Amino acid sequence: MCWNCLYQLLCHLDEDKNSLSFVLAENSDGTNLDNSEWELVREIIAILKPLDFAMGLVKHRFFTPISVVIPLYKVIVRQLKEDTSCMKAVKEAICSRLTELMDGCESQDELFLATFVDPRFRGAYFTADKRQGFLEKIEEMAFLPVLQPVQVMEPSFEDFSNPFIAFRKYEQPEPSNNSKLEAGTKALAELEDYLSQDPAFTMDPYEYWRNDVNSAKYPLIKKLALKYLSAPGISIDCQSVFSQLEYITTELRNNWEREDLEKVLFLHHNILIYGF
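If you're matching positions, the sequence shown starts at 1 in the UniProt record's numbering and goes up one per residue.
Structure, rendered in structure tokens:
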């Protein structure tokens, strides 16, 4: 049983403890829960409450892309470790399991970059080495090709009997040192200005990047935001998406190709992000 399901179950038990105690008392073997056991139930409820809150938060897919995964994990673990008032073994078991499940998450571009480009978190949950990784990704954005008008080139005649000329023909041009320096300087300036701003925990990340001022101020980071903030933090509502497919399909629903269903899911999760 998952933690939030256990939380809800125990909450219902605590709410209906009088009725439950009556039923247990009527049982032939006389089994019942004493006050200390009910107190234990309430202590477990208090421990599991942050986990249930986190699960409820990530279910709200319009405001919780995958950028919330790492911050939520770190907040929950820190809260469990700081509170040593009761049931230390239970808290340690939960922390251990969370750490095991999240092992290597900060090495995944999809997770740590999504967190950086979310204005609610920025670099608040990472060390300096991840900041360097973020900078490298911004520099990559600076080197992305920009579409230019097509220019008619005069035909050139080269001596391809020379093997060195023929070899160079198929070699990709490398950016000049000046362009590399310029891209690095631009990326660093953007990064430092972006991370110097305090995290805005109540801000909608999609509205932030739709803002023309922010888009013009951080054009390279916005490219990363468009890529990494498009994925929802949880797939728990996929069942409702599939249940709604009956309204847009006929008896041929079962014959849909996987690619078509993936397109429908993508549009369902992202169409509002792009303002349609």
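Ideal Cβ placement from N, Cα and C applies to all residues, glycine included.
All values derive from a computational prediction rather than experimental measurement.
{"Asked": "Of all the alpha helix (DSSP H) runs that stay within the bounds of the stretch 76-123, which reach a length of 4 or more residues?", "Found": "88-101, 109-117"}
{"Asked": "Under a three-way DSSP split, which group does Pro232 fall into?", "Found": "strand"}
{"Asked": "Just how far apart, CA to CA, sit Met87 and Leu51?", "Found": "16 angstroms"}
{"Asked": "So, using beta-carbon positions, are Ile45 and Cys11 closer together than 8 angstroms?", "Found": "yes"}
{"Asked": "In three-state terms, what does DSSP make of Pro65?", "Found": "strand"}
{"Asked": "Whole angstroms is fine: what's the gap from Gly233's alpha carbon to Lys59's?", "Found": "8 angstroms"}
{"Asked": "Rounded to the nearest angstrom, what separates Gln148 and Gly56 at their Cα positions?", "Found": "With a pLDDT of 46 at Gln148, under the threshold of 50, the modelled position of that residue is not reliable, and the figure given next carries that caveat. Approximately 47 angstroms between the Cα atoms of the pair."}
{"Asked": "What is the rounded straight-line gap between the Cα of Leu72 and the Cα of Phe143?", "Found": "33 angstroms"}
{"Asked": "What separation, rounded to the nearest whole angstrom, lies between the Cα atoms of Asn270 and Leu261?", "Found": "14 angstroms"}
{"Asked": "Just the C-alpha distance for Cys95 and Leu181, rounded to the nearest angstrom, thanks.", "Found": "44 angstroms"}
{"Asked": "Taking the alpha helix (DSSP H) that Tyr125 belongs to, which residues open and close that run?", "Found": "Tyr125 -> no alpha helix (DSSP H), and no H or E assigned at all."}
{"Asked": "Start and end of the alpha helix (DSSP H) containing Lys201?", "Found": "A small fix is needed here, since residue 201 is Phe in this sequence, not Lys. Taken as a continuous stretch (DSSP letters only), Phe201 belongs to no alpha helix (DSSP H), as it is neither H nor E."}
{"Asked": "Rounded to the nearest angstrom, what separates Ala187 and Asn4 at their Cα positions?", "Found": "42 angstroms"}
{"Asked": "Does the separation of the CB atoms of Tyr228 and Ala54 fall below 8 angstroms?", "Found": "no"}
{"Asked": "Considering only the alpha carbon of each residue, which of Ile47, Thr99, Ala89 lies closest to Ile70?", "Found": "Thr99"}
{"Asked": "Please state whether DSSP places Tyr7 in a helix, a strand or coil.", "Found": "helix"}
{"Asked": "Nearest CA to the CA of Lys223: which residue from Met203, Phe134, Glu82, Thr64?", "Found": "Phe134"}
{"Asked": "If distances are taken between C-alpha atoms only, which option among Val77, Asn32, Phe22 comes closest to Leu48?", "Found": "Val77"}
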